[in-house]
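S.K.: Here's a structure for you.
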Ligand SMILES: Cc1cc2nc3c(=O)[nH]c(=O)nc-3n(C[C@H](O)[C@H](O)[C@H](O)COP(=O)(O)OP(=O)(O)OC[C@H]3O[C@@H](n4cnc5c(N)ncnc54)[C@H](O)[C@@H]3O)c2cc1C
């Protein structure tokens with residue numbers, strides 16, 4: 005098999021997790037692979053920057069599903085500890101409901117059951133039942149559904165999967181499903197939080213995604229020492245060891261095609277030819293802006309009607325003192341989850357009373373802030389495509405969140421902020437060509453699941469494939485890694501055909 009593709013070449017557009025994963029798997033199969041990345045740093049949404057002694061991960065901060073990373077490394081003869089030391093966080097995270105009601109989510113399941121029981125009689129047992137079903141969904145989902153290329157419904161004609169689909173309440177909403185288990189608003193918020201970031205309201209998300217609660221509570225929240233960008237460094241190292249040519253500051257401006265074949269890409273006014281082209285940049289950008297009219301997979305109406313996962317308003321802060329009361333991960337749920345979700349998904353607007361997330365990685369890692377100081381990353385999920393992303397909006401929300409952090413942790417922080425950078429819609433568009441400024445790609449709604457997501461294979465150009473968080477399986481680092489693997493496998497089949 006390897007001999008058959010020895011002379012074949014592939015170009016990967018974009019160096020996010022999906023692009024790096026696809027590049028590594030193609031290289032392992034014997035392809036000569038080039039990665040072209042528009043930015044000067046590899047990693048896409050998982051880039052990093054350092055300023056005044058602080059090291060800020062720019063995007064992802066939750067390391068969930070460690071087995072997906074381990075599987076990736078294992079496929080290349082490596083293991084996680086070859087690259088970084090992985091710590092399990094305990095407690096996993098903290099949720100602020102008010103200045104008095106604050107919950108630390110323990111890492112041990114027995115302790116989580118007790119915690120649930122303490123808020124609602126019977127909720128401990130209910131959670132056990134809920135998580136048993138979530139584990140079943142996770143196993144079927146991760147082993148039988150997520151790895152599918154989703155090119156045809158026939159892929160899912162498998163007794164175990166069909167049986168699983170029914171058991172998984174695929175056609176029920178997450179909200180109606182979880183309502184059967186829990187009544188207390190704090191418990192419901194903890195159960196629903198993982199899907200808020202997956203990009204849909206609890207009403208619109210299939211109950212299947214309770215598999216994320218298994219990932220959260222049973223598999224745990226981890227942290228790679230040195231920060232999340234260590235994962236990108238590991239992926240780049242693997243790519244390079246397998247001979248991938250990595251090119252930064254190399255934006256692809258066009259995919260050139262003739263007939264049903266993608267011949268080459270244009271980078272800095274030069275054409276680069278390959279047998280396969282894998283687009284790991286935002287799907288909508290590639291489809292709408294890099295392809296000729298007759299080579300596009302979808303039209304404008306299609307893209308406009310997609311439900312995008314949220315964008316984010318982000319603040320990277322350096323603080324010159326230690327902060328009490330925060331853990332590594334902190335969710336500020338002291339306002340209505342439903343109202344905020346409504347303003348993200350149903351009637352998109354700047355949120356009236358946003359929920360937000362604060363990452364304080366210097367609680368765990370002394371390398372991300374100078375001694376005695378703190379590194380804070382604040383994230384407000386917001387609707388995509390909002391107008392008025394300007395300094396005054398960013399300052400307004402900064403005041404709102406800072407006042408709430410100060411109030412709920414009972415301390416002053418404002419005067420101790422010695423570094424501040426903001427990041428939002430226009431930055432996502434400028435840095436990543438993100439459609440409507442999305443942060444997390446395409447929402448995992450029922451009508452955007454599996455075969456209903458934008459296809460990994462071009463309908464017009466037989467050697468063009470798409471990977472990343474706008475296609476299967478969806479947003480998040482683990483799905484992006486899996487997306488790269490799926491695409492590399494499918495694309496390699498194409499390359500083995502004689503042209
Ligand atoms: C703020 C934030 C927080 C997040 N938190 C988490 C988390 O805690 N845990 C988690 O699992 N996931 C999280 N995610 C989601 C996760 O980061 C993404 O799902 C994943 O990184 C997406 O990878 P990707 O390869 O699909 O896209 P990207 O990382 O965006 O990679 C695409 C790459 O293509 C490049 N590109 C674009 N256009 C071109 C072009 N024309 N030519 C060449 N290159 C181009 C871009 O510069 C980029 O490097 C978060 C995302 C964000 C933004």
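Residue numbers (this note's numbering): 5 to 503. Every residue, glycine too, gets a C-beta built ideally from N, C-alpha and C. Predicted model only: the values in this text are computed from it and were never measured.
(1) Taking DSSP as the reference, what is the three-state secondary structure of residue 494?
(2) Based on DSSP bridge pairs, tell me the residues matched to residue 322.
(3) DSSP puts residue 250 in a beta bridge; with which residues?
(4) Roughly how many angstroms lie between the CA atoms of residue 248 and residue 158, to the nearest whole one?
(5) Looking at C-beta atoms only, is the number of pairs between the segment 84-101 and the segment 224-238 that lie closer than 8 Å three or more?
(6) Just to check, is the beta-carbon of residue 63 closer than 7 Å to a non-hydrogen atom of ligand 1?
(7) Given residue 520, which residues of its chain have a CB within under 6 Å of its CB, disregarding the five upstream and five downstream residues?
(8) Which class does residue 468 belong to by DSSP, given the choice of helix, strand or coil?
(9) Return the residue from the list 492, 490, 494 and 15 that minimises the CA-CA distance to residue 251.
(10) Given residue 366, which residues of its chain have a CB within under 6 Å of its CB, disregarding the five upstream and five downstream residues?
(11) Under a three-way DSSP split, which group does residue 363 fall into?
(12) Do you know how far the Cα of residue 13 is from the Cα of residue 278?
(13) For residue 453 and residue 318, I'd like the C-alpha separation in whole angstroms.
(14) Taking just the CA atoms, how far does residue 199 sit from residue 311?
(15) In angstroms with no decimal places, state the Cα-to-Cα distance between residue 497 and residue 469.
(16) Counting pairs of Cβ atoms below 8 Å between the segment 29-49 and the segment 426-437, do you hit three or more?
(17) Pick from 40, 413 and 101: whose alpha carbon is nearest that of residue 337?
(18) How would you call residue 355, buried or exposed, if buried means at least 16 neighbouring beta carbons within 10 angstroms?
(19) Classify residue 166: buried if its beta carbon has 16 or more other beta carbons within 10 angstroms, exposed otherwise.
(20) Given 7 Å as the limit, tell me if residue 255 has its C-beta closer than that to any heavy atom belonging to ligand 1.
(21) Considering only C-alpha positions, which residue in the set 89, 103, 175 and 139 is nearest to residue 113?
(22) Between the C-alpha atoms of residue 316 and residue 384, what's the straight-line distance to the nearest angstrom?
(23) Regarding residue 473 and ligand 1, is the C-beta to nearest heavy atom distance less than 7 Å?
(24) Taking only three categories from DSSP, how would you classify residue 112?
(25) Quick one: what's got a C-beta closer than 6 Å to residue 160's C-beta in the same chain, skipping five residues either side?
(26) So residue 471 packs on residue 488, CB below 8 Å; how close in whole Å?
(27) Which residues in the same chain as residue 213 place their Cβ atom closer than 7 Å to its Cβ, once the five residues preceding and following it in sequence are excluded?
(28) Please classify residue 21 as buried or exposed, where buried requires at least 16 neighbouring CB atoms within 10 angstroms.
(29) Residues in its own chain within less than 6 Å of residue 490 by CB, not counting five upstream and five downstream?
(30) Using the rule of at least 16 other Cβ atoms within 10 Å of the residue's Cβ for burial, across every protein chain shown, is residue 84 buried or exposed?
(31) In chain order, what residues of the same chain have a beta carbon less than 8 Å from the beta carbon of residue 418, not counting five sequence neighbours either side?
(32) Looking at the structure shown, is residue 62 part of a helix, part of a strand, or coil, going by DSSP?
(33) Is residue 289 a contact residue of ligand 1, with contact defined as CB to any heavy atom under 7 Å?
(34) I want to see whether chain B comes within less than 8 Å of residue 31, judged by CB atoms only; does it?
(35) Would you call the segment 231-250 and the segment 73-88 touching, i.e. three or more CB-CB distances under 8 Å?
(36) How close, in whole Å, do the beta carbons of residue 240 and residue 40 come, if the pair is a contact with beta carbons under 8 Å?
M.R.: Once the coordinates are examined:
(1) helix
(2) 379 and 423
(3) 39
(4) 34 Å
(5) yes
(6) yes
(7) This structure leaves residue 520 out entirely; the chain is present only between 5 and 503.
(8) strand
(9) 15
(10) 372, 373, 378 and 379
(11) strand
(12) 5 Å
(13) 28 Å
(14) 14 Å
(15) 12 Å
(16) yes
(17) 101
(18) buried
(19) exposed
(20) yes
(21) 139
(22) 5 Å
(23) yes
(24) coil
(25) none
(26) 5 Å
(27) 178, 199, 202 and 448
(28) buried
(29) 153
(30) buried
(31) 406 and 410
(32) coil
(33) yes
(34) Here there is only one protein chain, and chain B is not present.
(35) yes
(36) Incorrect: roughly 14 Å between the Cβ atoms, too far for contact.
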